[in-house]
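Sequence order for the protein chains is A and B.
If you use this note's numbering, the first sequence corresponds to residues 161 to 452, in order.
If you use this note's numbering, the second sequence corresponds to residues 6 to 240, in order.
From the three backbone atoms N, C-alpha and C, an ideal C-beta is built for every residue, glycine too.
Worksheet: one structure, shown below.
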Amino acid sequence: MDQFLQQMVNGLSLGSIYALIALGYTMVYGIIKLINFAHGDIYMIGAYIGFAATTYVHLGFFPALILSMIVCAILGMIIERVAYKPLRNSSRITVLITAIGVSLLLEYSMMFFVGAEVRSYPKVLTNHLFHFGGVRVNMQQIYILVTAVALMILLQYIVTKTKTGKAMRAVSIDKDAAQLMGIRVDKTISITFAIGSAFAGAAGVLVGIYYNSIDPLMGMMPGLKAFVAAVFGGIGSIPGAMIGGLAIGIMETLVAGYGNSMYRDAAVFAFLILILILKPSGLLGKNEREKV
Amino acid sequence: MLEIKNLNVHYGVIHALKNASLTVNKGEIVTLIGANGAGKTTTLRTISGLNNATSGEIFLEGQNITNLPAPDRVELGLSQVPEGRRVFPEMSVLENLELGAFLRKDKTNIKKDLEHIYELFPILGKRKHQSSGTLSGGEQQMLAMGRALMSQPKILLLDEPSMGLAPLLVREIFKIITDINNSGTTILLVEQNASMALSIAHRAYVIENGSIVMSGTGEELAKSSEIQKAYLGGK
Numbered sequence: 161m162d163q164f165l166q167q168m169v170n171g172l173s174l175g176s177i178y179a180l181i182a183l184g185y186t187m188v189y190g191i192i193k194l195i196n197f198a199h200g201d202i203y204m205i206g207a208y209i210g211f212a213a214t215t216y217v218h219l220g221f222f223p224a225l226i227l228s229m230i231v232c233a234i235l236g237m238i239i240e241r242v243a244y245k246p247l248r249n250s251s252r253i254t255v256l257i258t259a260i261g262v263s264l265l266l267e268y269s270m271m272f273f274v275g276a277e278v279r280s281y282p283k284v285l286t287n288h289l290f291h292f293g294g295v296r297v298n299m300q301q302i303y304i305l306v307t308a309v310a311l312m313i314l315l316q317y318i319v320t321k322t323k324t325g326k327a328m329r330a331v332s333i334d335k336d337a338a339q340l341m342g343i344r345v346d347k348t349i350s351i352t353f354a355i356g357s358a359f360a361g362a363a364g365v366l367v368g369i370y371y372n373s374i375d376p377l378m379g380m381m382p383g384l385k386a387f388v389a390a391v392f393g394g395i396g397s398i399p400g401a402m403i404g405g406l407a408i409g410i411m412e413t414l415v416a417g418y419g420n421s422m423y424r425d426a427a428v429f430a431f432l433i434l435i436l437i438l439k440p441s442g443l444l445g446k447n448e449r450e451k452v
Numbered sequence: 006m007l008e009i010k011n012l013n014v015h016y017g018v019i020h021a022l023k024n025a026s027l028t029v030n031k032g033e034i035v036t037l038i039g040a041n042g043a044g045k046t047t048t049l050r051t052i053s054g055l056n057n058a059t060s061g062e063i064f065l066e067g068q069n070i071t072n073l074p075a076p077d078r079v080e081l082g083l084s085q086v087p088e089g090r091r092v093f094p095e096m097s098v099l100e101n102l103e104l105g106a107f108l109r110k111d112k113t114n115i116k117k118d119l120e121h122i123y124e125l126f127p128i129l130g131k132r133k134h135q136s137s138g139t140l141s142g143g144e145q146q147m148l149a150m151g152r153a154l155m156s157q158p159k160i161l162l163l164d165e166p167s168m169g170l171a172p173l174l175v176r177e178i179f180k181i182i183t184d185i186n187n188s189g190t191t192i193l194l195v196e197q198n199a200s201m202a203l204s205i206a207h208r209a210y211v212i213e214n215g216s217i218v219m220s221g222t223g224e225e226l227a228k229s230s231e232i233q234k235a236y237l238g239g240k
């Protein structure tokens, strides 16, 4: 029992990181129907910003987190402006291929500038362990959970209560009708990229602290897994991405804990295939109406 | 109030609107009637900025708005109820109405206007927290109209408000259009239901294959034998 609870705690920490990345995927998909494959690399850059901020500038956890979120938000907006906006009226496959191109560009320019070697984060948090019965929870896990939950509550507030959030929902439902309300579609898309990328940046810092090692290709696998999480939750659905992220995180640690940790990645992608066969619209996804 | 001059619109190689000109004076109800595919919706979408004109000009209160993006035109007092209502189905009635007031900052007046919309369409008040996708077609039409009014438009563009509605409901919607006009809003109405449209319009234009072929007062056109034959089912 203790081992199971322990795996749940580990799974929740990992899952909330996936959830933060999945939110960006799902928000961008919701608004421009693009699987932004460069999203995992924004998360990687977020991790490097956090690394630079803590190692060279000796910032603490929260200032580093916020700095990384701001830089990633700006980066996300620039990418959208330069790479995706000119293709607004192109076919979806064109934009998708562009996204893969942007992803490779980010990975290998990072490699060019900072080198391919793995770097380790400095100790920004104490190594304090808390014991709850037989379950051990460390300081990093508590920070990850609290930060992720706080960010998700903030996002839910933005989307449901603020004017910007309502504009984002309106644009994702019907761009023409949104324009007739006076909503500026381009600006709203830009804000969506900013928020999604900021969340990826936060996830990058959290992962750096949790696993203590970062490299320029670190975004690929978590990016793909977060994508699976978004599909599982129902792509385009914000609560779906949260649930999907947590579910994938827990599943992965359970497979690693009880089965064989070699199979953890395979399990996630086998799960993706299952979802696509059994419920392609995901847990909370809507069935798309095809307009004729 | 609104003037379009020699407007041309193309969809790829299709010439959808050919040298269309029309004028709507302050306080009028003007209707644009024509068959399916004649270019009515294209005209409205170009006026509201959802489509781009290839050539020609659009003036709102003397200001050239031909190249302004759609949201700027809303800010200047132009509001469109799109074809097929296009409410935001996942959002509540209240949220839809609030989005109509997206560009406004006067919170107290927005509240007052909401009350006014609920007076105009009592059913919307009763359903304000219901998600708008669950409303009937007629209720959605009312919501789309209420939402458009929330921007306090000087001119309201209506695209086929009667589409898919029962005759009794059509009469009710047209009565409300007249009421809105009487309270000072200028109206440009696009309709396939020519007899209803002509019965409330001060003036009317007829569009065929992308060209405006006839214009006159509502009464004149209703009596014209060509219109009788083509649109009113007369012989």
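Take the Cβ of residue i as the centre, count every other Cβ of all protein chains shown within 10 Å, and call the residue buried at 16 or more, exposed below.
i	result
residue 141(B)	exposed
residue 263(A)	buried
residue 2(B)	This structure cannot speak to residue 2(B), because chain B is shown only from 6 to 240.
residue 60(B)	exposed
residue 184(B)	exposed
residue 290(A)	exposed
residue 452(A)	With a pLDDT of only 44 at residue 452(A), under the threshold of 50, the placement of this residue in the model should not be trusted; the figure read from the coordinates follows. So residue 452(A) ends up on the exposed side.
residue 250(A)	exposed
residue 199(A)	buried
residue 381(A)	exposed
residue 201(A)	buried
residue 322(A)	exposed
residue 396(A)	buried
Is the beta carbon of residue i less than 9 Å from the beta carbon of residue j?
i	j	result
residue 86(B)	residue 149(B)	yes
residue 353(A)	residue 267(A)	no
residue 392(A)	residue 379(A)	no
residue 305(A)	residue 173(A)	yes
residue 159(B)	residue 191(B)	yes
residue 154(B)	residue 125(B)	yes
residue 62(B)	residue 51(B)	no
residue 296(A)	residue 211(A)	no
residue 89(B)	residue 156(B)	no
Contact criterion: CB-CB distance below 9 Å. Does residue i meet it with respect to chain A?
i	result
residue 55(B)	yes
residue 73(B)	no
residue 96(B)	yes
residue 42(B)	no
residue 126(B)	no
residue 197(B)	no
residue 153(B)	yes
residue 107(B)	yes
residue 221(B)	no
residue 7(B)	no
residue 33(B)	no
residue 29(B)	no
residue 79(B)	yes
residue 66(B)	no
residue 104(B)	yes
residue 144(B)	no
residue 100(B)	yes
Could one say the Cβ of residue i lies closer than 9 Å to chain B's Cβ atoms, at least one of them?
i	result
residue 326(A)	yes
residue 381(A)	no
residue 337(A)	yes
residue 444(A)	no
residue 248(A)	no
residue 330(A)	yes
residue 183(A)	no
residue 315(A)	no
residue 333(A)	yes
residue 341(A)	yes
residue 439(A)	no
residue 323(A)	yes
residue 287(A)	no
Across which residues does DSSP place residue i in a beta bridge pair?
i	result
residue 221(B)	209(B)
residue 298(A)	289(A)
residue 198(B)	Looking at the DSSP assignment, residue 198(B) forms no beta bridge with any residue, so it has no partner.
residue 85(B)	162(B)
residue 16(B)	19(B)
residue 39(B)	212(B)
residue 64(B)	8(B), 69(B)
residue 279(A)	374(A)
residue 193(B)	35(B), 162(B)
task = Residues of the region 343-356 of chain A with a CB closer than 7 Å to any CB of chain B: list them in chain order, please.
result = 343, 344
task = For the region 149-181 of chain B, enumerate the residues whose C-beta is nearer than 8 Å to any C-beta of chain A, in chain order.
result = 152, 153, 156
request  = Please name the residues in the region 81-93 of chain B whose beta-carbon is closer than 8 Å to at least one beta-carbon of chain A, in chain order.
outcome  = 84, 85, 87, 91, 92, 93
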